[in-house]
Structure formats: structure tokens, C-alpha cells
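This report concerns only the one structure given below.
Residue numbers (this note's numbering): 249 to 398.
Okay, structure coming up:
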């Protein structure tokens with residue numbers, strides 16, 4: 249009888265451990281998914297994105313590339329921001345995507361005036377009022393990945 253009870257507890261322990269591992273892996277994937285999706289999209293559609301920038305420079309008209317919402321944000325360092333993924337509803341929304349900086353200067357979300365604080369040579373964070381915050385990461389010349397949370 250003792251062996252049977254011991255085997256049941258061992259089996260139950262293994263099952264619980266496997267469920268916990270599955271949950272942790274799912275959480276890690278969910279946390280990193282928006283960035284991976286945006287970066288994969290950027291890599292796959294690089295030529296279309298470059299073409300949209302050339303078209304803007306020629307005609308001064310912003311055009312979204314399929315799967316994005318492109319917006320021109322004027323300011324000291326003008327950008328075209330391509331929104332890829334948004335989650336949640338205001339006041340607690342999150343946004344992910346990338347932007348083209350015409351003078352290759354990183355800026356906060358929607359070209360806001362929040363100061364960028366360096367995290368590394370190619371990554372910055374910003375903090376706005378309340379719990380508004382985000383990160384900016386350089387992809388390549390003139391192109392930056394962003395995350396913003398409100």
C-alpha cells in the first residue's frame with residue numbers, strides 16, 4: 249500500500265511540475281511575442297518600408313505598409329511611426345512597432361518630449377507622467393523599434 253501511495257504522489261508531483269513548466273514557457277513567450285512579431289515584420293517587409301519612406305520624401309504623403317498604421321510625427325526630429333501591435337484599452341494600453349527617424353535620432357513614442365535615458369549604446373527608456381513609459385531600440389540606420397505602455 250505504501251508503494252502505491254508513494255507512486256501516486258510521485259506521478260502527481262511530475263504532472264504538477266510539467267504543468268508549471270508549461271505555464272512559465274507560455275508566459276515568457278507571451279511577454280516576448282510583440283517584439284518578435286514587429287521585428288519579423290520589419291525584416292520581411294524591409295523593402296516595402298524603405299519604399300514608403302522614399303515615397304514620403306518625394307510626395308510628402310504618409311502611406312501605411314500593409315499590416316501597419318503609419319503616422320508622420322513632426323518635431324525637432326521628425327519620424328514616421330509604424331504601429332504594429334496594440335494591447336489593452338485605455339488607460340492601460342500597450343503599443344509596439346518601429347519608426348523611421350529622418351535624422352537618425354531616437355525619440356519617445358509619437359515623437360513626444362519625454363527625455364530618453366540610455367540603457368545601452370542602442371537602447372533607451374522614457375518615462376512620462378503617471379505610469380506612462382516605454383523603450384526605444386535601434387534596429388539599423390534610421391530605424392528604431394519601440395514599446396509604449398500607458
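Cβ coordinates follow ideal geometry from the N, Cα and C atoms, glycine included.
Nearest to residue 352 by alpha-carbon distance, out of 255, 393, 316, is 393.
Within its own chain, the residues whose Cβ lies closer than 6 Å to the Cβ of residue 296, once the five positions on either side in sequence are excluded, are 313, listed in chain order. Annotated three-state conformation of residue 326 is coil, per DSSP.
In this structure, the beta-carbon distance from residue 354 to residue 310 does not fall below 8 Å. By the criterion of a C-beta distance shorter than 6 Å, residue 356 is surrounded in its chain by 362, 374, once the five residues flanking it on both sides are discounted. DSSP places residue 281 within a helical segment (H, G or I) once states are collapsed to three. In the three-state scheme derived from DSSP, where H, G and I count as helix and E and B as strand, residue 347 is classed as strand. A straight line joining the alpha-carbon of residue 322 with that of residue 265 spans about 52 Å.
Distance from the CA of residue 381 to the CA of residue 250, rounded to the nearest whole angstrom, comes to 56 Å. DSSP, read as helix, strand or coil, puts residue 360 in coil.
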